[in-house]
Amino acid sequence: MIYGQDFIATVTLPNTWFVDMSYARQLGVNGFFYLKQYNKETSPAITILNLAYKPEDHTPLEEWIEYDRDNFLDYYDNYTMEKADIEIKNDAVKRIIIYLVKDDQNEIVQYSAYLDMGLHYFANIYMTITDKNIRDSMYKDFKRCIENSVFLNIGVNIN
């Protein structure tokens, strides 16, 4: 379970994953997960949760994706980022758009789910995979994560 001043999130990953909230804080993200049999430096797959306040309540998800994509690709110029022909549903989320991010030179693949949480937040859950031999099994974990993660009180103060 991950929580902030006005949200509670349960990011659902199999028990083969470990959450490191101290490291998440160091990175400036809301959640950092890696495979338990490794450590955060050696894990061939990591998952990150990042929440972002909407500039306005009715800001379209595509606007945030464009902003995020432009910043990402400016920083990582050897990567490509394309909208994936993948549909994942989660009844607790208003909209989900999936992108596939690749660095073919280093055989890195990232599945990136952009979620419109409704009121005041967007979320991005992404899984980066550096070992091509585990991509299929990690994609299954990613899909289950997006389908089953729960976000409560998004936009409601809990104080």
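In terms of the UniProt record's numbering, the sequence shown is residues 1 to 159. Ideal Cβ placement from N, Cα and C applies to all residues, glycine included.
Please check the pair residue i and residue j, which I expect to be a contact at CB under 8 Å, by giving their CB distance rounded to whole angstroms.
i: ASN90; j: SER137; result: Between SER137 and ASN90 the Cβ distance is about 21 Å, and since that is not below 8 Å, they are no contact.
i: VAL109; j: LYS102; result: 6 Å
i: LEU119; j: ASP20; result: With 8 Å as the limit, LEU119 and ASP20 do not qualify as a contact, their Cβ atoms being about 28 Å apart.
i: ASP116; j: ARG135; result: Actually they are not in contact, since the Cβ atoms of ASP116 and ARG135 sit about 27 Å apart, beyond 8 Å.
Could you tell me whether the Cβ atoms of residue i and residue j are closer together than 7 Å?
i: residue 219; j: ASN106; result: Nothing about residue 219 can be read from this structure; the chain reaches only from 1 to 159.
i: TYR111; j: MET127; result: yes
i: THR130; j: PRO44; result: yes
i: ALA84; j: ILE65; result: no
i: PHE122; j: ALA52; result: yes
7 Å is my cut-off, CB to CB: does residue i come that close to chain C?
i: LEU13; result: Of the protein chains in this structure there is only one, and it is not chain C.
Below 6 Å CB to CB, which residues in the same chain sit around residue i once its five sequence neighbours on both sides are set aside?
i: GLU82; result: LEU100
i: LEU152; result: ILE8
i: THR12; result: CYS145, ASN148 and SER149
i: THR80; result: LYS102
At which residues does the beta strand (DSSP E) containing residue i begin and terminate?
i: TYR34; result: 31 to 35
i: MET127; result: 121 to 129
i: ASP116; result: 108 to 116
i: LYS102; result: 95 to 103
i: LYS83; result: 80 to 83
i: LEU51; result: 45 to 53
Quick one: what's got a C-beta closer than 8 Å to residue i's C-beta in the same chain, skipping five residues either side?
i: MET1; result: ILE8, ALA9 and THR10
i: ILE88; result: ILE96, ILE98, ALA113, LYS143, ILE146 and GLU147
i: LEU27; result: ILE48
i: LYS40; result: ASP20, TYR23, PHE32, TYR34 and ILE46
Leaving out the 5 sequence neighbours to the left and right, which residues in its chain are closer than 7 Å to residue i when beta-carbon positions are compared?
i: THR16; result: LEU35 and LYS36
i: ALA24; result: ASN30, GLY31 and PHE32
i: ASN78; result: ASP103 and GLN105
By the DSSP assignment, the alpha helix (DSSP H) with residue i in it spans what residues?
i: MET21; result: 21 to 27
i: LEU61; result: 61 to 75
i: TYR139; result: 135 to 148
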